[in-house]
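A short write-up of the structure that comes next.
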Amino acid sequence: MHSDPLEDIGTLADHPRYDTDLAARAAACTDRSGYMPDSPPDAVLRCHTVEEVRAALRLAHAEGISVVPRGAGTGLAAGSSATAGQVVVDVSAMNQILHIDDVEMLAVVQPGVLNAEVNAAVADAGLFYAPDPASTAICSIGGNIATNAGGMWCAKYGVTRESVLSLLVALPDGGLVRTGRNTIKGVTGYDLNALFIGSEGTLGIVVEATLRLRPKPARTETAAAYFADVEAAGRAASAITAARIQPSILELIDGPTLEAIDLATGTAHRAQGGAFLLAQTDGYGAHLELEEIIRAIAPYTTTVHRATDELEAQALVQARRDAIPSLEQLGRVSIGDIAVPRNRLAEAFTGLERIAERTGVRIFSVAHAADGNLHPMIVVEPDESITTGPAKVALGEMFHLARDLGGTLTGEHGVGLLKREWVREELGDTSLELQQRIKQAFDPRGILNPGKAL
Ligand SMILES: Cc1cc2nc3c(=O)[nH]c(=O)nc-3n(C[C@H](O)[C@H](O)[C@H](O)COP(=O)(O)OP(=O)(O)OC[C@H]3O[C@@H](n4cnc5c(N)ncnc54)[C@H](O)[C@@H]3O)c2cc1C
Numbered sequence: 008m009h010s011d012p013l014e015d016i017g018t019l020a021d022h023p024r025y026d027t028d029l030a031a032r033a034a035a036c037t038d039r040s041g042y043m044p045d046s047p048p049d050a051v052l053r054c055h056t057v058e059e060v061r062a063a064l065r066l067a068h069a070e071g072i073s074v075v076p077r078g079a080g081t082g083l084a085a086g087s088s089a090t091a092g093q094v095v096v097d098v099s100a101m102n103q104i105l106h107i108d109d110v111e112m113l114a115v116v117q118p119g120v121l122n123a124e125v126n127a128a129v130a131d132a133g134l135f136y137a138p139d140p141a142s143t144a145i146c147s148i149g150g151n152i153a154t155n156a157g158g159m160w161c162a163k164y165g166v167t168r169e170s171v172l173s174l175l176v177a178l179p180d181g182g183l184v185r186t187g188r189n190t191i192k193g194v195t196g197y198d199l200n201a202l203f204i205g206s207e208g209t210l211g212i213v214v215e216a217t218l219r220l221r222p223k224p225a226r227t228e229t230a231a232a233y234f235a236d237v238e239a240a241g242r243a244a245s246a247i248t249a250a251r252i253q254p255s256i257l258e259l260i261d262g263p264t265l266e267a268i269d270l271a272t273g274t275a276h277r278a279q280g281g282a283f284l285l286a287q288t289d290g291y292g293a294h295l296e297l298e299e300i301i302r303a304i305a306p307y308t309t310t311v312h313r314a315t316d317e318l319e320a321q322a323l324v325q326a327r328r329d330a331i332p333s334l335e336q337l338g339r340v341s342i343g344d345i346a347v348p349r350n351r352l353a354e355a356f357t358g359l360e361r362i363a364e365r366t367g368v369r370i371f372s373v374a375h376a377a378d379g380n381l382h383p384m385i386v387v388e389p390d391e392s393i394t395t396g397p398a399k400v401a402l403g404e405m406f407h408l409a410r411d412l413g414g415t416l417t418g419e420h421g422v423g424l425l426k427r428e429w430v431r432e433e434l435g436d437t438s439l440e441l442q443q444r445i446k447q448a449f450d451p452r453g454i455l456n457p458g459k460a461l
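8 is the number of the first residue of the sequence shown in this note's numbering; add one for each residue after it.
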């Protein structure tokens with residue numbers, strides 16, 4: 008009788024994908040957070056099939072070896088960071104789109120498919136996948152699910168959790184579970200789908216996902232407004248929310264970031280104002296909604312540009328896309344991720360300015376303004392640490408600012424290793440201990456991504 012060769016492997020080190028090459032281990036030891044462990048992981052297993060992932064987990068579970076799941080390694084919280092004594096299970100090679108159903112409007116994909124590849128594959132069917140991190144071209148769907156990633160379109164369409172119908176997950180002991188369902192509605196049992204989404208690879212490894220697609224909007228309308236300062240721009244963003252209008256994109260950029268964009272790209276945004284707000288509406292009523300937005304922000308703006316064609320619209324959106332690459336030309340960038348109630352955006356921006364003054368750390372801020380999600384970006388010299396010294400102090404102060412405004416430590420990047428010391432403060436003892444018991448139920452031996460998230 009034929010037996011599965013993976014069933015017969017005795018130890019994790021005998022797994023056919025077990026790779027101890029130093030270059031592979033060094034490449035898999037961290038992400039894009041700036042965090043660097045003291046030593047690389049023991050091995051990397053670049054798995055190609057569900058069965059290979061399951062065998063790796065089964066063996067690691069039996070031997071009590073820590074496993075760190077890894078997608079494309081673009082995370083900003085050191086969630087996929089791995090060190091000595093750990094092995095990395097890298098699923099980036101599981102990168103096939105398995106099925107597109109343009110009637111049910113869903114796509115079944117493997118976890119290593121890149122975010123942008125989903126959109127490229129479904130565009131001809133008049134569909135799109137809404138969660139669009141700025142890293143769309145380089146991050147994987149598995150990583151997006153593990154971090155509950157967001158992006159610009161989340162203003163209207165919600166974050167990853169609102170766009171994943173079901174998952175196939177390899178459990179820490181090598182078992183397999185299917186969560187959710189391929190229907191839009193469904194409430195049988197607990198919502199394990201929602202539990203896995205945002206769990207940062209601590210409960211299981213996503214090996215397949217069914218994504219919810221949406222009809223591509225019939226039209227879009229775009230405008231950008233300038234303000235004397237970022238506080239006025241924050242108030243304008245809150246006024247849009249208060250006016251009950253639903254933009255599909257609402258992005259805010261502060262003055263220092265505008266200067267960096269101008270320096271890097273040759274544009275002249277800063278000369279037009281001390282802050283910039285990009286608004287896009289979509290659907291058949293897009294032009295009417297944009298007019299309402301312009302009316303709502305009129306008391307706060309100095310200038311408004313309304314794009315008259317697609318090229319102009321793209322140029323306005325490009326300013327936001329240029330923010331991170333422009334800052335990367337100034338030094339090492341650590342991208343923060345606090346979120347506050349939307350009516351407190353202006354206070355959050357001024358609070359960040361004060362933190363920069365107090366700590367002497369350079370902070371540049373942009374925000375997904377419709378979600379109250381700010382990305383304060385700390386820029387240090389190339390050889391300076393972002394996980395110790397003044398940068399670390401500024402990170403802690405940012406969290407306290409968010410908490411004092413009724414907000415949260417992380418809007419979409421996750422806790423990983425970087426923000427773990429503030430988790431108890433935000434969740435409180437009871438919630439944290441309940442969550443630790445959930446982790447224990449899924450992973451009694453504590454082998455999966457230990458030390459992350461909770
Ligand atoms: C320039 C830049 C811009 C960015 N912009 C955004 C943005 O706009 N919005 C946003 O949300 N994020 C953004 N990010 C952060 C990052 O791209 C996201 O967090 C992304 O979801 C990570 O995906 P990944 O495949 O790179 O995951 P990785 O970095 O490999 O892993 C991230 C986490 O997911 C876990 N994981 C990975 N794959 C799996 C799997 N298959 N099963 C279980 N766990 C898994 C890992 O263990 C880790 O905890 C940006 C990053 C960069 C560098």
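Note that beta-carbon positions come from the ideal geometry of N, C-alpha and C, so glycine has one too.
- Less than 7 angstroms separates the beta-carbon of Ile370 from that of Ile385.
- With 16 or more other Cβ atoms inside 10 Å of its own Cβ, Thr366 counts as buried.
- Per DSSP, Ser245 has no beta bridge partner at all.
- Excluding its 5 nearest sequence neighbours in each direction, Val60 has C-beta neighbours in its own chain below 7 angstroms: Cys54, Val96, Val98, Ala177, Ile212, Val214, listed in chain order.
- Distance from Ala84 to Val75 at the Cβ level is roughly 13 angstroms; contact not present, criterion being Cβ atoms closer than 8 angstroms.
- When the beta-carbon positions are compared, Ala377 and Pro224 stay at least 7 angstroms from each other.
- Two segments are said to touch when three or more pairs of C-beta atoms, one from each, lie closer than 8 angstroms; by this definition the segment 243-263 does not touch the segment 389-406.
- For Ser372 against Leu359, the beta-carbon gap comes to about 5 angstroms, under 8 angstroms, which counts as contact.
- Tyr233 and Ala137 have their C-alpha atoms roughly 27 angstroms apart.
- Going by DSSP, Arg327 is part of the alpha helix (DSSP H) stretching over 317-328.
- When DSSP assignments are scanned along the segment 65-150, the uninterrupted stretches of alpha helix (DSSP H) that are 4 or more residues long and fall wholly within it turn out to be 122-129.
- Between ligand 1 and Thr81, a heavy atom-to-CB distance of less than 6 angstroms is present.
- Under the rule that a run must span 4 or more residues, the alpha helix (DSSP H) segments found entirely inside the segment 255-325 read 262-272, 293-304.
- Bridge partners of Arg168 according to DSSP: none are assigned.
- Distance from the CA of Asp390 to the CA of Gly41, rounded to the nearest whole angstrom, comes to 11 angstroms.
- Under the three-state reduction of DSSP, Ser438 is assigned to helix.
- Here Glu58 really is in contact with Asp11; their C-beta atoms are around 7 angstroms apart, less than 8 angstroms.
- Here Leu318 is exposed. Its C-beta has fewer than 16 other C-beta atoms within 10 Å.
- DSSP, reduced to helix, strand and coil, places Leu337 outside both helices and strands of the structure shown, so it counts as coil.
- In this structure Ile256 is buried. Its beta-carbon is surrounded by 16 or more other beta-carbon atoms within 10 angstroms.
- Residue environment: Asp450 is assigned as buried (16 or more neighbouring CB atoms within 10 Å of its CB, all protein chains considered).
- Assignment of beta strand (DSSP E) within the segment 29-62, counting only whole runs of 3 or more residues, yields 50-53 in chain order.
- CA-CA distance, Asp289 to Leu295, rounds to 10 angstroms.
- Contact between Glu266 and Gly423 fails: their C-beta atoms lie close to 30 angstroms from each other, not under 8 angstroms.
- Glu388 carries a coil assignment under DSSP once its states are collapsed to helix, strand and coil.
- Ranked by Cα distance from Asn350, the options Ala322, Pro47, Leu381, Gln336 are led by Leu381.
- Here Val194 is exposed. Its C-beta has fewer than 16 other C-beta atoms within 10 Å.
- Scanning its chain for C-beta atoms nearer than 6 angstroms, with the 5 sequence neighbours on each side dropped, one finds around His420 the residues Leu83, Ala84, Asp344, in chain order.
- Looking from the CA of His375, the closest CA among Ala201, Leu284, Glu364 belongs to Leu284.
- The beta-carbon distance between His22 and Asp180, rounded to whole angstroms, is 16 angstroms. This is too long to meet the 8 angstroms contact definition.
- Nearest to Phe203 by C-alpha distance, out of Arg219, Ala230, Ile247, Val171, is Val171.
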